[in-house]
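S.K.: Those protein sequences? They're chains A and B, same order as listed. Reading the first sequence from the start, the letters are residues 2 to 295 in the numbering used here. Reading the second sequence from the start, the letters are residues 325 to 651 in the numbering used here. Where a beta carbon is used, it is the ideal one built from N, C-alpha and C, also for glycine.
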Amino acid sequence: MDLSSQILQYVISGITNGAIYAVIALGFTIIYNSTEVINFAQGEFVMLGGMAVIALDGNGHLPLGFSFLLAVLAVTLVGIALERFTIRPAKSSNPIALIIITVGASIFLRGLAMMFWGKDSLGLRAFTGSSPIHFGGATLIPQSLWVLGVTVVVMAALQFFYKHTITGKAMRACAFNRRAAGLVGIGVNRMVMVSFALSAAIGAAAGIVIVPITLCGYDVGIMLGLKGFCAAVLGGLGSSPGSILGGFLLGVLEALGAGLISSGFKDAIAFFVLLLVLFLRPSGLLGSKEVKRF
Amino acid sequence: MIRFLKYTWFQVGSFGLLLALVPLVVTNRYYLNVMIFIGIHTLLVVGLNLLMGYAGQISLGHAAFFGLGAYTSGVLTATYKLSPWPAMVIAVVLTVAVALLVGVPALKLTGYYLAMATLGFGIIVYICFKELVWLTGGPSGLVGIPKLSIGTVVLDEPRTYYYLVWAITLGAIVLSLNIVDSRVGRALRAIHDSEPAARASGIYTARLKIWVFVVSAIYASVAGSLYAHFITFISPSSFDFMFSIKLVTMVVVGGMASIWGAVFGAATLTVLPEVLAVFHDFDIVIFGLILMVVMIFMPQGLTRGALDLWEKYRLQRDVAGGSLSGG
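1) Under 9 Å, do A:I16 and A:G229 count as touching if we go by C-beta distance?
2) Please check if any C-beta of chain A sits within less than 9 Å of the C-beta of B:K636.
3) Express the C-alpha separation of A:V73 and A:Q160 in angstroms, rounding to a whole number.
4) If distances are taken between C-alpha atoms only, which option among A:S284, A:G208 and A:D3 comes closest to A:G44?
5) With distances taken Cα to Cα, identify the nearest neighbour of A:G59 among A:L123, A:V221 and A:G248.
6) Are three or more beta carbon pairs between the region 27-39 of chain A and the region 222-236 of chain A nearer than 8 Å?
7) Between the beta-carbon of A:T103 and the beta-carbon of A:T129, is there less than 9 Å?
8) Excluding the five sequence neighbours on either side, which residues of its own chain have a C-beta within less than 7 Å of the C-beta of A:A127, listed in chain order?
9) I need the boundaries of the beta strand (DSSP E) containing B:F557, first residue and last residue.
10) In the region 99-129 of chain A, which residues sit with their C-beta less than 9 Å from some C-beta in chain B, listed in chain order?
11) According to the Cβ coordinates, are B:T594 and B:V370 closer than 9 Å?
12) Mind listing which residues of the region 573-592 of chain B have their C-beta closer than 9 Å to chain A's C-betas, in chain order?
13) Is there at least one Cβ from chain A nearer than 9 Å to B:A439's Cβ?
14) So with CB distances below 9 Å, who are the chain A contacts of B:D605?
15) Below 9 Å between beta carbons: does that hold for B:M566 and B:I614?
16) Going by CA-CA distance only, name the one from B:S568, B:L639, B:Y637 and B:W490 that's closest to B:G446.
17) What would DSSP say about B:V478, mapped onto helix, strand or coil?
18) Indicate whether at least one CB of chain A lies closer than 9 Å to the CB of B:K454.
19) If you draw a straight line from the C-alpha of A:Q7 to the C-alpha of A:G258, how long is it?
20) Taking just the CA atoms, how far does A:G285 sit from B:A265?
21) How many Å lie between B:L438 and B:Q381 at the Cα?
22) Between B:G650 and chain A, is the shortest Cβ-Cβ distance under 9 Å, so that the two count as touching?
23) So within the region 345-431 of chain B, which uninterrupted alpha helix (DSSP H) runs reach at least 4 residues, ignoring any that extend past its ends?
24) Chain B beta carbons: is any one of them nearer than 9 Å to that of A:V79?
25) Please list the segments of the alpha helix (DSSP H) lying wholly inside the region 90-142 of chain A, counting only runs of 4 or more residues, in order along the chain.
26) With a Cβ-Cβ cutoff of 9 Å, do A:A106 and A:A42 count as a contact?
27) How should A:P90 be labelled, buried or exposed, when 16 other C-beta atoms within 10 angstroms of its C-beta is the threshold for buried?
28) Which chain B residues are close to A:L275, counting only those with a beta carbon under 8 Å from its beta carbon?
29) Could you check if A:L78 is buried or exposed, using at least 16 other CB atoms within 10 Å of its CB as the buried criterion?
30) Quick check: what's the CA-CA separation for B:L550 versus B:L356?
31) When you compare only the Cα positions, how much space is there between A:F136 and A:V148?
32) Going along the chain, which residues of its own chain have a beta-carbon closer than 6 Å to the beta-carbon of B:G363, five neighbours each way excluded?
33) I want to see whether chain B comes within less than 9 Å of A:I13, judged by CB atoms only; does it?
34) Let me know the secondary structure DSSP gives B:S518 once reduced to three states.
35) Our contact map puts B:G393 next to B:V449 with C-beta atoms below 8 Å; I'd like the distance itself, whole angstroms only.
36) Go through its chain and collect everything with a Cβ distance to A:A271's Cβ below 7 Å, but skip five positions before and after it.
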């Protein structure tokens, strides 16, 4: 394989991973916009989605599409429970307290997953076939198309939801100004709950489509969640287009770095990018909100 | 008599006396080892508490400084045959340099951004421990770290090492108590309450935040060196993200802004996994649960929260008993 087709190959795998990072970053953004909470348990939604669909599919009686929906629904309920039982009763709105609460929730969920499913990584059959598609000297597995397809559907659905439904508009109002939203009769608490539900649902969907490519274990959530957060910061925390851009950019950068520099340091690349962005331009590429610095 | 409890010298003196007596009663090696770990963790947590509890700056990557101390000591003594004490000093110098390099840009950030910056830093350092195989031995670890010795006396008995660790930790506690009680300590608490207000009253907040960050990194580095010479084998997994979280849990359980709380937190969460060993791997579920419950209901930490509850109870009892109506 010559260098150009090698690079093409890296870019393809980068875009596939980047799509996942983008969806996770969107999950962060949805919750951050409605509550100003960074949900460190976001990656666990992705892990739970993957584990749930493996468990459901393992029965063999259900069609894959049905398992998909059921898994998303189950994780959505987890998201609602997370908001209802940890974020809402929290006495303090101090970021340190909220960070520690969601970190605690994330460890808790990971531990539960380990109790239920054990420590081994589990796999899932590809949605449709696994014979690779060749083009331009590189290969593409069909599951990558599923990942991209689901990502696009998720983004389009979110866009429709925010722009054309009354609940979506109410959520945007909350993101803009919670108090004013409350004054015009929007149930802010309900909107916060919806944002956790949405975020959990899209996280689960991302987790499900990626399982056939990467396998899933109880401990994958932490890295995926943190990378998604890197993507959200890279794009600009709170900006949806920024999250998507950040996700794809991070995925491609990481794949190129892993391929051309060192695969051992693959995970370090994302965090190096994160530190650079935080130190040089904490508002991210597309972020508009002023970041408080001293 | 109760008045004495308020004096720092009385607290430190009685705590030190208690610690000195422990090895006379406890001769079991396992218990002594646990006590040594409590000492090392206390050193870490007291340092982190200065940063988190007093100055209100979060660090989700403190395991990195612990690891830097451990690996610098380990590599210099095991690979390059340097004697341990100078190695420990070099480790501290290196840690200070790294802490400055990261702290200067990172501490300009607040809240979530600072949390993420320290977290990212911690993970990068962890990956370096794992991937720089020629230097650190990689995932399989670094072996052959010598025991510490003072003069010609090798501290290879748990009892002697216990005295060394706790002497250093007690020194660190005294230092912290003094810092907290000083002008600097009050300035740190002012930053915690409101950074703009602290600046307005003439506190050079940027420099002070970096200073406390570096101090807590030094504590962690020394703890790391002590750890490396104690177990004589180190591997990257002891310095991962989970360990940073465990340290934060110790601070939280012990109580933000309480030096003695830090001792309590370190002791509780070092002993807890030993007690919960029957559940072996499932201790992370319990860690998660503790973090959530304490932070939801007692954001000031367990000791502070328990004290608040006690105060409330006493107030209610007094009101019910009518003792307030008389005055």
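M.R.: Let me spell this out:
1) For the purposes of this step, residue 16 of chain A is taken as residue 15 along the first sequence, with counting starting at 1. For the purposes of this step, residue 229 of chain A is taken as residue 228 along the first sequence, with counting starting at 1. When the beta-carbon positions are compared, A:I16 and A:G229 stay at least 9 Å from each other.
2) Numbered from its first residue, the second sequence carries residue 636 of chain B at position 312. B:K636 does not count as touching chain A.
3) Numbered from 1 along the first sequence, position 159 holds the residue referred to as residue 160 of chain A. Numbered from 1 along the first sequence, position 72 holds the residue referred to as residue 73 of chain A. Rounded to the nearest angstrom, the two C-alpha atoms are 19 Å apart.
4) The count along the first sequence starts at 1 and reaches residue 44 of chain A at position 43. That would be A:G208, whose Cα lies nearest to the Cα of A:G44.
5) Against the first sequence, residue 59 of chain A aligns to sequence position 58. Residue A:L123 is the option with its Cα nearest to A:G59.
6) Judged by Cβ distances under 8 Å, the region 27-39 of chain A makes contact with the region 222-236 of chain A, as three or more pairs qualify.
7) Residue 103 of chain A sits at position 102 when you count from the first residue of the first sequence. Residue 129 of chain A sits at position 128 when you count from the first residue of the first sequence. The beta carbons of A:T103 and A:T129 sit no closer together than 9 Å.
8) Position 126 of the first sequence, counting from 1, holds the residue named residue 127 of chain A. Here the set comprises P143, Q144 and P213.
9) Start at 1 with the first residue of the second sequence, and residue 557 of chain B comes out as number 233. First-last for B:F557: undefined, no H or E at that position.
10) Against chain B - using a Cβ distance shorter than 9 Å - the residues of the region 99-129 of chain A are L99, I100, I101, I102, T103, V104, G105, A106, S107, I108, F109, L110, R111, G112, L113, M115, M116 and K120.
11) Working through the second sequence from its first residue, we reach residue 594 of chain B at position 270. Working through the second sequence from its first residue, we reach residue 370 of chain B at position 46. No, the pair does not count as a contact, with Cβ atoms beyond the cut-off.
12) Within the region 573-592 of chain B, T573, V576 and M580 place their CB atoms closer than 9 Å to a CB of chain A, listed in sequence order.
13) By one-based count along the second sequence, residue 439 of chain B stands at place 115. Taking Cβ atoms only, chain A reaches closer than 9 Å to B:A439, which makes this a yes.
14) Here residue 605 of chain B is taken as the residue at index 281 of the second sequence, counted from 1. Within chain A, the residues near B:D605 are G112, M115, M116 and K120.
15) Within the second sequence, residue 566 of chain B is the residue found at index 242, counting from 1. Within the second sequence, residue 614 of chain B is the residue found at index 290, counting from 1. With respect to B:I614, B:M566 sits apart: the two C-beta atoms are not nearer than 9 Å.
16) Taking the first residue of the second sequence as position 1, residue 446 of chain B is located at position 122. The residue with the shortest Cα to Cα distance from B:G446 is B:S568.
17) Locating residue 478 of chain B in the second sequence gives position 154, where the first residue counts as 1. B:V478 falls in the strand class under three-state DSSP.
18) To locate residue 454 of chain B, count along the second sequence from 1; it is residue 130. At least one CB atom of chain A sits nearer than 9 Å to the CB of B:K454.
19) For the purposes of this step, residue 7 of chain A is taken as residue 6 along the first sequence, with counting starting at 1. For the purposes of this step, residue 258 of chain A is taken as residue 257 along the first sequence, with counting starting at 1. Their Cα atoms are separated by approximately 13 Å.
20) Outside the displayed range of chain B (325 to 651) lies residue 265 of chain B, so it cannot be described from this structure.
21) Numbered from its first residue, the second sequence carries residue 438 of chain B at position 114. Numbered from its first residue, the second sequence carries residue 381 of chain B at position 57. Cα to Cα, B:L438 sits roughly 8 Å from B:Q381.
22) Numbered from 1 along the second sequence, position 326 holds the residue referred to as residue 650 of chain B. Per-residue confidence for B:G650 stands at a pLDDT of 44, beneath the threshold of 50, marking its modelled position as unreliable; no derived number is given.
23) Assignment of alpha helix (DSSP H) within the region 345-431 of chain B, counting only whole runs of 4 or more residues, yields 353-373, 387-398 and 408-430 in chain order.
24) On the first sequence, position 78 is the one that residue 79 of chain A refers to. It does not; no Cβ of chain B falls within 9 Å.
25) Uninterrupted alpha helix (DSSP H) stretches at least 4 residues long and entirely within the region 90-142 of chain A occur at 96-118, given in chain order.
26) Indexing the first sequence from 1 puts residue 106 of chain A at position 105. Indexing the first sequence from 1 puts residue 42 of chain A at position 41. The criterion of a C-beta distance shorter than 9 Å is satisfied by A:A106 and A:A42.
27) Walking along the first sequence from the start, residue 90 of chain A turns up at place 89. Label assigned to A:P90: exposed.
28) Within the first sequence, the letter at position 274 stands for residue 275 of chain A. Residues of chain B passing the Cβ test: M440, A441 and G444.
29) For this step, residue 78 of chain A is matched to residue 77 along the first sequence. Within 10 angstroms of the beta-carbon of A:L78 lie fewer than 16 other beta-carbons, which makes it exposed.
30) Residue 550 of chain B sits at position 226 when you count from the first residue of the second sequence. Residue 356 of chain B sits at position 32 when you count from the first residue of the second sequence. Separation of B:L550 and B:L356 (C-alpha to C-alpha, rounded to the nearest whole angstrom) is 15 Å.
31) Along the first sequence, read from residue 1 onward, the residue named residue 136 of chain A stands at position 135. Along the first sequence, read from residue 1 onward, the residue named residue 148 of chain A stands at position 147. One C-alpha to the other measures close to 18 Å.
32) What you label residue 363 of chain B is simply residue 39 of the second sequence in a count that begins at 1. Excluding residues within five positions, the ones whose Cβ falls inside 6 Å are V489, W490 and T493.
33) Taking the first residue of the first sequence as 1, we reach residue 13 of chain A at position 12. No, A:I13 does not count as interfacial toward chain B.
34) The residue you call residue 518 of chain B lines up with position 194 of the second sequence. Coil.
35) Along the second sequence, read from residue 1 onward, the residue named residue 393 of chain B stands at position 69. Along the second sequence, read from residue 1 onward, the residue named residue 449 of chain B stands at position 125. No, B:G393 and B:V449 are not in contact; Cβ-Cβ is about 12 Å, not under 8 Å.
36) Mapped onto the first sequence, residue 271 of chain A falls at position 270. A distance below 7 Å between beta-carbons, with the five flanking residues on each side excluded, links A:A271 to the following residues of its chain, in chain order: K228, C231, L251 and E255.
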